[in-house]
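Trainee: There's a structure below that I have some questions on.
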Amino acid sequence: MFKGNMSKLLKQAQEMQEKLEKAQSQLSELVIEGEAGGGMVSVKVNGKQEVLELSIEPEALSEDKEMLEDLIISALNKALSKSQLDSQEKMNSITGGMMGDIKLPGM
315 MFKGNMSKLL
325 KQAQEMQEKL
335 EKAQSQLSEL
345 VIEGEAGGGM
355 VSVKVNGKQE
365 VLELSIEPEA
375 LSEDKEMLED
385 LIISALNKAL
395 SKSQLDSQEK
405 MNSITGGMMG
415 DIKLPGM
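Positions 315 to 421 (our numbering) are the ones given, in order, by the sequence shown.
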């Protein structure tokens, strides 16, 4: 009897692993944008929190160095925050919320 339960458990674990791998693939294709300074700086990241693109409007270059740095940081933080939320929602939909608030690197 224990053997049957163990087999079922291993099958469920394998199915979960396959779903997680599929989710990771989907997250790498997800593109999230963050902007700052009314769009003067925009950043695109994927669902794995990898920066894909940084765009700076020419008028932002005339700002002082510290202002531009703040705009870049703000845009990055917005994009990464959105990406983390989207990733967590995706993982919760796959795991049925079993992982709670556990944060997986790159997810």
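Backbone N, C-alpha and C define an ideal beta-carbon position, used for all residues, glycine too.
Looking only at its own chain, which residues have a Cβ that is under 6 Å from the Cβ of Ser369, when we skip the five neighbours before and after it?
Mentor: Ser356.
Trainee: If I follow the unbroken beta strand (DSSP E) through Leu344, where does it start and stop?
Mentor: No beta strand (DSSP E) holds Leu344; DSSP gives it neither H nor E.
Trainee: For Asn360, count neighbouring Cβ atoms within 10 angstroms of its own Cβ and tell me buried if that reaches 16, exposed if not.
Mentor: So Asn360 counts as buried.
Trainee: Can you tell me which of the three DSSP states Lys325 falls into?
Mentor: In the structure shown, Lys325 sits in a helix (DSSP, three-state: H, G or I).
Trainee: Quick one: what does DSSP say Lys362 is sitting in, helix, strand or coil?
Mentor: Lys362: coil per DSSP, three-state reduction.
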